[in-house]
Structure formats: structure tokens, C-alpha cells
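J.:
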């Protein structure tokens, strides 16, 4: 199965930390930013448009991702995977991203103006032990 998605934001733009004060206690918390929520919505819409929303794949999976950035500017490819995989889970493509046993990330050619992520998902067949 192949999916074309918007280029994911970096993990630093999706999750933020804050400290909540309750009386004398200071409680650290992590929250999803508006940018993270917007990306999640875009992925769900793209999955629906491409007919793969709520597939809920089961079993072990192999996921290959080709990230096409909008410019040749230096960018860290692994820093974008959390948002991408979590958003695909939220869209119901699979039950949980812990099903992914093989993950490959490749930098693709530049695609302006916003870049894209091309994702290929395969189920891994059960190997029979001799």
C-alpha cells in the first residue's frame, strides 16, 4: 500500500513541554501543539482521500518512507518520523505503530513548494522455522 502525505513537522514542533502549578506542586507535562494537531488532521484527510482510512492493518509491518523536502536546506530525516507514524496510527491505517518491525527512511529529491512524504507499507509474512 502506498500513501502520499504532507511532509511531517519535526518532533520539536509537534510536542512541547510545560510545567503546571497545582498549589505548591509543579507538575511537568507534555502536550501536542496546534501544528501537530493540524498535521494529524491533514494525514487523516489524505488517507480518506486515498481510500486507506481505517484499514487497521494487523500483524508485523515493513514501512518505507521517502521524504521529499521543499528545499536543499539541511534537515534531519529521523526527527520527522514520530509525527508521521503517530498520525498514521490516528488515521487507523494500523492498530499501533509498535507493529512496525522494519522501518526505512530515505531522503528524496526536492519537491517545492511544501515537500511530501511517500510512504509504502507492507505486511511481513510469518516465517516458518525449520
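In this note's numbering, the protein residues as written are 3 to 132.
The beta carbon of each residue, even a glycine, is placed where N, CA and C say it ideally should be.
1. Is residue 18 helix, strand or coil when you go by DSSP?
2. Would residue 74 pass as a contact of residue 112 if the rule is Cβ separation under 8 Å?
3. Tell me which residue opens and which closes the alpha helix (DSSP H) that residue 45 is part of.
4. Which of the three DSSP states, helix, strand or coil, is assigned to residue 87?
5. Using 8 Å as the cut-off, can you tell me whether the region 24-44 makes contact with the region 94-105, which would need three or more C-beta pairs spanning the two stretches below that distance?
6. Is the CB-CB distance between residue 8 and residue 78 below 8 Å?
7. If we count Cβ pairs, one from each stretch, closer than 8 Å, do we get three or more for the region 55-72 versus the region 119-129?
8. Just how far apart, CA to CA, sit residue 42 and residue 90?
9. What does residue 69 pair with, by DSSP beta-bridge criteria?
10. Output the distance between the C-alpha atoms of residue 39 and residue 15, rounded to the nearest integer angstrom.
11. Under the rule that 16 or more other beta-carbon atoms within 10 Å means buried, what is residue 119, buried or exposed?
12. Here's the rule I'm using: 16 or more other beta-carbon atoms within 10 Å means buried, otherwise exposed. How should residue 114 be labelled?
13. By alpha-carbon positions, which one of 56, 53, 60, 51 ends up nearest to residue 103?
T.: The structure says:
1. Strand at residue 18.
2. Inclusion of residue 74 and residue 112 in the CB contact set at 8 Å is warranted, their separation being smaller than that value.
3. Its alpha helix (DSSP H) spans residues 36-51.
4. Note: residue 87 maps to helix in three-state DSSP.
5. No: the two stretches stay apart, fewer than three of their Cβ pairs being nearer than 8 Å.
6. No Cβ-Cβ contact shorter than 8 Å links residue 8 with residue 78.
7. Under the Cβ criterion (8 Å, minimum of three pairs), the region 55-72 counts as touching the region 119-129.
8. For residue 42 and residue 90, the distance between alpha carbons rounds to 8 Å.
9. Answer by DSSP bridge pairing, in chain order: 109, 119.
10. Rounded to the nearest angstrom, the two C-alpha atoms are 11 Å apart.
11. Per the 10 Å Cβ criterion, buried.
12. The residue in question, residue 114, is exposed, as its Cβ has fewer than 16 Cβ neighbours within 10 Å.
13. If we check each option's Cα against that of residue 103, 60 comes out closest.
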